[in-house]
Structure formats: C-alpha cells, structure tokens
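S.K.:
Residue numbers (this note's numbering): 1 to 272.
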C-alpha cells in the first residue's frame, strides 16, 4: 500500500524472486496506479483499499509516516482473515501504538534501512534491499510466531534482521539516520547565507557531507514530528560533543585534537 520508492521496489523484488503469485497495489492517485500496471511486477492496482486487499496473505504499509497511523485505523476491518500486516515506516512508536489501539494483533512493525534521497516509483530498484539492515519491532503483546514470519519475509529479500522494541528503534534511528539528515540540512542552511563565491570554492567534501540534505522536506518534516523527542535527545548529545571540540580548539591542544579525530576516523572505518 503506497507505491513510492520502497513500495515499488518491494513489488519488483518479490516478483523477481518469485516470492508471490500476485502483487496488488493500493494507491490514491490514478497516475500512480497506471504506472504500476505498466510494470511487469504488478497485477492489480486499485484506489479502493478493500479491493487491493482482497485475498492478501501479507499486506505492507508503504505510505509516508504521517499517514500510517491514519491508515492503520481504517484497515483492520478490511484485512482478510489470517493476513499478516507490517510496514516500512522510519519511526515505530507511533505506528505500533496505533496498531495496538486498533486491536490489530496481526501487525508487526518493520523498518527496512534501504531508502535514498530520491523518492518516487521512477527510482525503484529490485536490488534496493540487498544486504541492508531491517528492523523488526514487536511489542510486548506481539505473537512470536508472527514476528518470526515478518522477519523471515524481510530476510527473504536479502536483508539483515535487527530485532528491537519500537522505543529502542526510534532512539537508534534518531542518532544514526535522523540526526545526520538534519545536520546536513543545518550546514546547507548556514552556507546558504554566505556569498556565492563560498559555494564556488567548495569541493567534493561539501557534496559528500550534504548529499542527504537533498531528501524530501515533506518526508523529513513528518519524520521529525513523529520522533521529535528522540531527535532532541540526539541534538543534546551532539551539543556535548561539539562543546568538547570547541574546548580542544580553544586550548590549542593538538594531542587531544588528534585523538578526537582518530576516534572519529576509527568509527567511520568500522561502518560497513
């Protein structure tokens, strides 16, 4: 449900790996439905939620996070019996709470870490999920068997599974995904106020450091509103780190500065 970058890429990969007999898409916009029907991986595309869900064994919510809670409230009565429900949302506490409020006992949250600064069906790829991490976020009330089935589905796409609570997921992502995006945007906002010659004098380092700032402002506004508390906590932690750097520079402590840079390099080198 929701054929954007992730939704369309999911359709591609389950078709390519022959994991299903039929891919059915729900989309609000007619042009999105038409684009799906022209693709070899899509057999059904409908603007009617009940029609799109007919006969489904697995339903995956791929809409923007701001719409997930709204959608989950209306989907419960439409799901076929024994249909497993999961999602791809980049925040988990709000959607898992909405599912619990709607008594959707067949829902297990997930978050494949496989996005891009590019959005939309036109950027979909069947290899988007290859060897990427995927959070699976059961709650205390989740059925372990359903959790296992959701994890096995994402693993079948070539993903590495990380199981956590919704709360831990949101805390981790605030630091490793959301904070980096807002830092890149902050740097761009700072430099936007400087003369054009500053931009003309920039090199690859600035492009590398700010690439993710090209992401959709609408998407990232919605993520920030969903995970505001944890992002603020991550900003507080970063403030401590930048104050430490400032102190090192003010004291002109070359040894401490080298160690600070060395620690950062070691962590960067450890990232797969």
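Glycine included, C-beta positions come from ideal geometry on N, C-alpha and C.
Could you pull the DSSP bridge partners for residue 109 from this structure?
M.R.: Counting from 1 along the chain shown, the entry for residue 109 is found at position 109. 137, per the DSSP bridge assignment.
S.K.: Exposed or buried, what is residue 154 when buried is set at 16 or more other beta-carbons lying within 10 Å of its beta-carbon?
M.R.: By 1-based counting over the chain shown, the position of residue 154 is 154. Counting Cβ neighbours within 10 Å, residue 154 comes out buried, since at least 16 surround it.
S.K.: According to DSSP, is residue 278 helix, strand or coil?
M.R.: There is no way to answer for residue 278, as the model of the chain reaches only from 1 to 272.
S.K.: How do the region 146-166 and the region 204-220 stand: do at least 3 beta-carbon pairs fall below 8 angstroms, yes or no?
M.R.: no
S.K.: Does the region 189-209 come within contact of the region 128-147, defined as at least 3 CB pairs closer than 8 angstroms?
M.R.: The region 189-209 makes no contact with the region 128-147: fewer than 3 CB pairs, one atom from each, lie closer than 8 angstroms.
S.K.: Use the C-beta contact count for residue 240: other C-beta atoms within 10 angstroms, 16 or more gives buried, fewer gives exposed.
M.R.: As a first step, residue 240 must be located in the chain shown, where it is residue number 240. Under this definition residue 240 is an exposed residue.
S.K.: Quick check on DSSP: helix, strand or coil for residue 86?
M.R.: As a first step, residue 86 is located in the chain shown; it is residue number 86 there, counting from the start. Strand, per DSSP.
S.K.: Measure the CB-CB distance between residue 58 and residue 91 and report whether it falls below 9 angstroms.
M.R.: For the purposes of this step, residue 58 is identified with residue 58 of the chain shown, where counting begins at 1. For the purposes of this step, residue 91 is identified with residue 91 of the chain shown, where counting begins at 1. Taking 9 angstroms as the Cβ cut-off, residue 58 and residue 91 do not qualify as a contacting pair.
S.K.: Please confirm whether residue 2 and residue 62 have their CB atoms less than 9 angstroms apart.
M.R.: Counting from one through the chain shown, the residue named residue 2 turns up at place 2. Counting from one through the chain shown, the residue named residue 62 turns up at place 62. Closer than 9 angstroms, so yes.
S.K.: With H, G and I counted as helix, E and B as strand and the rest as coil, what does DSSP make of residue 114?
M.R.: Sequence index remark: in the chain shown, residue 114 carries index 114 (1-based). DSSP places residue 114 in coil when its eight states are reduced to three.
S.K.: In terms of residues, what are the limits of the beta strand (DSSP E) holding residue 26?
M.R.: Taking the chain shown and counting its residues from 1, the one referred to as residue 26 is at position 26. From DSSP, the beta strand (DSSP E) with residue 26 extends over 24-26.
S.K.: Is it the case that the Cβ atoms of residue 135 and residue 109 are separated by a distance below 9 angstroms?
M.R.: In the chain shown, the residue the question calls residue 135 occupies position 135. In the chain shown, the residue the question calls residue 109 occupies position 109. Cβ atoms of residue 135 and residue 109: closer than 9 angstroms.
S.K.: Does the region 66-76 come close enough to the region 35-43 to have 3 or more Cβ pairs within less than 8 angstroms?
M.R.: No, the region 66-76 is not in contact with the region 35-43.
S.K.: State the CB to CB distance for the pair residue 78 and residue 106, rounded to an integer number of angstroms; the pair is presumed to be in contact (CB under 8 angstroms).
M.R.: Taking the chain shown and counting its residues from 1, one reaches residue 78 at position 78. Taking the chain shown and counting its residues from 1, one reaches residue 106 at position 106. Actually they are not in contact, since the Cβ atoms of residue 78 and residue 106 sit about 12 angstroms apart, beyond 8 angstroms.
S.K.: Exposed or buried, which one is residue 73 when buried takes at least 16 other CB atoms within 10 Å?
M.R.: Counted from its first residue, the chain shown places residue 73 at position 73. Residue 73 should be labelled exposed.
S.K.: In or out: residue 176 buried (at least 16 other Cβ within 10 Å) or exposed?
M.R.: Your numbering for residue 176 matches position 176 in the chain shown. Exposed, because fewer than 16 other Cβ atoms sit within 10 Å of the Cβ of residue 176.
S.K.: Determine, using beta carbons only, whether residue 65 and residue 223 come nearer to each other than 9 angstroms.
M.R.: The count along the chain shown starts at 1 and reaches residue 65 at position 65. The count along the chain shown starts at 1 and reaches residue 223 at position 223. A contact, by the Cβ cut-off of 9 angstroms.
S.K.: Using only CA atoms, which one of 114, 121, 53 lies nearest to residue 4?
M.R.: Counting from one through the chain shown, the residue named residue 4 turns up at place 4. Closest option to residue 4, Cα to Cα, is 121.
S.K.: Checking the sheet assignment: what are the DSSP bridge partners for residue 161?
M.R.: Here residue 161 is taken as the residue at index 161 of the chain shown, counted from 1. Note: residue 161 sits in a beta bridge opposite 134.
S.K.: Can you give me the start and stop residues for the beta strand (DSSP E) that residue 59 sits inside?
M.R.: Translated into positions along the chain shown, residue 59 becomes position 59. Unbroken beta strand (DSSP E) run through residue 59: 58-61.
S.K.: Just to confirm, is the Cβ distance from residue 86 to residue 13 under 9 angstroms?
M.R.: Here residue 86 refers to the residue found at position 86 of the chain shown. Here residue 13 refers to the residue found at position 13 of the chain shown. Going by C-beta atoms, residue 86 is not nearer than 9 angstroms to residue 13.
S.K.: Please return the same chain residues whose Cβ sits closer than 6 angstroms to the Cβ of residue 52, not counting the five positions on each side in sequence.
M.R.: Within the chain shown, the letter at position 52 stands for residue 52. Answer for residue 52: 24, 26, 46, listed in chain order.
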